[in-house]
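*Asks:*
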Amino acid sequence: MKKRCKWTKKLNRYLDGELNPKQALATKNHLKKCNICKEKIQELKAVNSFLGKYESSSAPSYLQQKIIAKAQDIKTPHRGALAKLPIAVSALAAFVLGFIFSTQTFSNPEDTQIYLGSETLYSYLVGVEE
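Set out below in structure tokens:
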């Protein structure tokens, strides 16, 4: 099993010069002591050297123009207010039904009793028979 070091995550950023000066100095000092990171940095340098031999190229201009034209031709579906109508109707119906139920149930609090089976809610919760 290969040993690991938590510093190996910083090595790419160290090579690319992306660390702040304090982090770069700490990484440089760590590299003097850690064989795992020394080996890893050599691997990264080899990969960077290999990749550096290849030029980055872009697509020819005619191909770029063709791709842009195709992308502009793609129609995105327009979701207008009509697409959102079922959600609005459902929400409104739920609100209206809830309002009607609550006004019917609690319209006259003096004689409104909620029953669970044959007992009132109060007697059920308190344990007292009426």
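Following the numbering used here, the numbering of the sequence shown begins with 232 at its first residue and continues without gaps.
Think of the CB as a built atom: it goes at the ideal place given N, C-alpha and C, for glycine as much as any other residue.
Assuming K259 is part of the alpha helix (DSSP H), what are its boundary residues?
*Replies:* K259 -> alpha helix (DSSP H) spans 252-264.
*Asks:* For K241, which three-state DSSP category applies?
*Replies:* Note: K241 maps to helix in three-state DSSP.
*Asks:* Over the uninterrupted alpha helix (DSSP H) stretch that includes S292, give me the two end residues.
*Replies:* Run containing S292: 292-304, per the alpha helix (DSSP H) assignment.
*Asks:* Spell out a yes or no on whether the region 258-273 and the region 235-243 are touching, meaning 3 or more CB-CB pairs, one atom from each, closer than 8 Å.
*Replies:* With the cut-off at 8 Å, the region 258-273 and the region 235-243 touch.
*Asks:* Spatial neighbours of I272 within its chain, please: C-beta separation below 6 Å, excluding the five flanking residues on both sides.
*Replies:* Result list for I272: L242, in chain order.
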